[in-house]
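Right, one structure below, let's go through it.
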Amino acid sequence: MIPANKIELNYRVMKHQDDERWRHIKWPASVTEIHVHLGGAVPLYRLWEIAIDRGIRGMGAGYEDFIDILKIQDDRVKDLDTYLEVYDKVELIQSGPTSVRESIIIAIHRAYRTGGMTQLGPGGEGGSPNPLFSVNRFELRFNPLKRTGAVFLKGSHAGLYDVDRVIKSACAAVEDVEIGFKGKVQVGLIFCFGRDMTFEANMVLAEKVRAWREKSNKVIAVDLAGHESKNPLSDPKRLAEMKEVFDMVGPGLGRTIHVGETPHVDIETFIKTVEAINPQRVAHPIVAFRAWWDKKDDRGLKLLQERDLVCELCVKSNLLTNAVKDLAEYGKIVNTLDEFGIKYTFSTDAPCLQMTSLAEELVLLLDAGAINEEQVLRALRVADENTFLPQMGNSR
Ligand SMILES: [Zn+2]
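Residue numbers (my numbering): 1367 to 1762.
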């Protein structure tokens, strides 16, 4: 059953034969996806199985109810904050070294098997027999502190599980999958600091990242994620603290940040945040487009252009949070980026919670005429060229 939400209203659900409509495009056999959260990367039917295995309570009245609770639907989501509510539940299921390991193994296989499919089954199962491509290079991001069971505790980020064991388990899971694929698949982990976490908790995580990047080359970057409403970084003190957190991990590690997705971050704060954190990539910097379109203020876009920053765009996610109004506005974003000569990529953000795949999102844009084939293929090349993953065959 397909929920009647905005996306489905805007866009006819793909049928199997619709894969063929896009097969004339010279898709690469394998692609790179650089913006996916672990919390949104395990198919719902597998989360259900993990929850059953671990005896987790409060999962609804049964399988269908569970799927309904976790699926991010347009009628329940109005902004980033309501979008993120589902993550709290998933992070609980994924807590602890064992669940993190299982989730990472599943997430990588899901991307490889279903990333190129334009249709999925109701629980996120693979749904089309002839994928357009496979995702062979994959950046997976998550917050290890939010996998410690900390949500059970009040006022502190100390959790049930040891964060070192969680990180160790994550790195080992990636290594084991890569061995299994005999070099055909390459994966890196990005650790997310939380806008919703205290400075002290983020510093604890930064110190862990600093230690673990020396032990494992699977740690490739850090990110800033979470509720912009809780910490927009408009307060100079809080921005200085966040800079300290990023600096704690040491130089040489990749940096990407979620910034400017919501109106909580104004253009001044956007500019100051990019200048302070100094990332190589930014995730959905919507505020920069709005400043240019609405006020002819091009400072945000100029900043992206001058620093040669790569924009990580996530189509369905941006539509669900209402960061972007519709697919026509998405086309406007892409054309604005081209006008300014700014690089961009497409990723799924939370494919399993949004019931989507990379191929489906690209076809969604193509089908709506929001983007052309050349732009899609260029975006895929940009992801190949701007991944934080080391080049294949080069350990660092
Ligand atoms: Zn994201």
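By construction, the Cβ of each residue, glycine as well, lies at the ideal position given by its N, Cα and C atoms. Computed from a prediction, not measured in an experiment: that's the story for all the values here.
- With a contact defined as Cβ atoms closer than 8 Å, residue 1401 and residue 1678 qualify at about 4 Å.
- For residue 1715, the shortest separation between its Cβ and any heavy atom of ligand 1 lies below 7 Å.
- When secondary structure is reduced to three states using DSSP, residue 1397 falls in the strand class.
- Each residue's CA atom was taken as its position, placing residue 1704 and residue 1667 some 11 Å apart.
- DSSP, reduced to helix, strand and coil, places residue 1587 within a strand of the structure shown.
- For residue 1555, the closest of 1719, 1388 and 1404 by C-alpha to C-alpha distance is 1404.
- Around the beta carbon of residue 1489, 16 or more other beta carbons lie within 10 angstroms, which makes this residue buried.
- Inter-segment contact for the segment 1636–1649 and the segment 1677–1692 is present: three or more beta-carbon pairs are separated by less than 8 Å.
- Segment contact: the segment 1482–1501 against the segment 1529–1546, fewer than three CB-CB distances shorter than 8 Å; contact not assigned.
- DSSP, read as helix, strand or coil, puts residue 1390 in coil.
- Counting the other Cβ atoms within 10 Å of the Cβ of residue 1596 gives fewer than 16, which makes it exposed.
- For residue 1525, the CB contacts under 6 Å within the same chain, skipping 5 residues up- and downstream, are 1514, 1515 and 1516 in chain order.
- Taking a cut-off of 8 Å for Cβ pairs, the segment 1596–1615 and the segment 1561–1572 touch, as three or more such pairs fall below it.
- By DSSP's assignment, residue 1648 forms a beta bridge with 1623 and 1677.
- With contacts defined by Cβ atoms closer than 8 Å, residue 1711 and residue 1724 do not form a contacting pair.
- If you look at residue 1560, you'll find it isn't in any alpha helix (DSSP H); it sits in the beta strand (DSSP E) that goes 1552–1560.
- In this structure, the C-beta of residue 1749 stays at least 7 Å away from each heavy atom of ligand 1.
- Residue ranges of uninterrupted alpha helix (DSSP H) with 4 or more members, entirely inside the segment 1394–1470 and ordered along the chain, are 1410–1420, 1429–1436 and 1446–1459.
- Look at the beta carbons and you see the segment 1686–1698 touching the segment 1433–1443: at least three pairs across the two are nearer than 8 Å.
- For residue 1542, the secondary structure class from DSSP, reduced to helix, strand or coil, is helix.
- Taking 8 Å as the cut-off, the beta carbon of residue 1617 is found no closer than this to the beta carbon of residue 1535.
- The beta-carbon separation of residue 1630 and residue 1602, rounded to 16 Å, does not stay under the 8 Å limit for a contact.
- With fewer than 16 other CB atoms across the displayed protein chains lying within 10 angstroms of its CB, residue 1659 is exposed.
- The Cβ neighbour count for residue 1682, taken over all protein chains shown within 10 Å, is at least 16; the residue is labelled buried.
- Residue 1612 sits in a helix when the DSSP states are folded into three classes.
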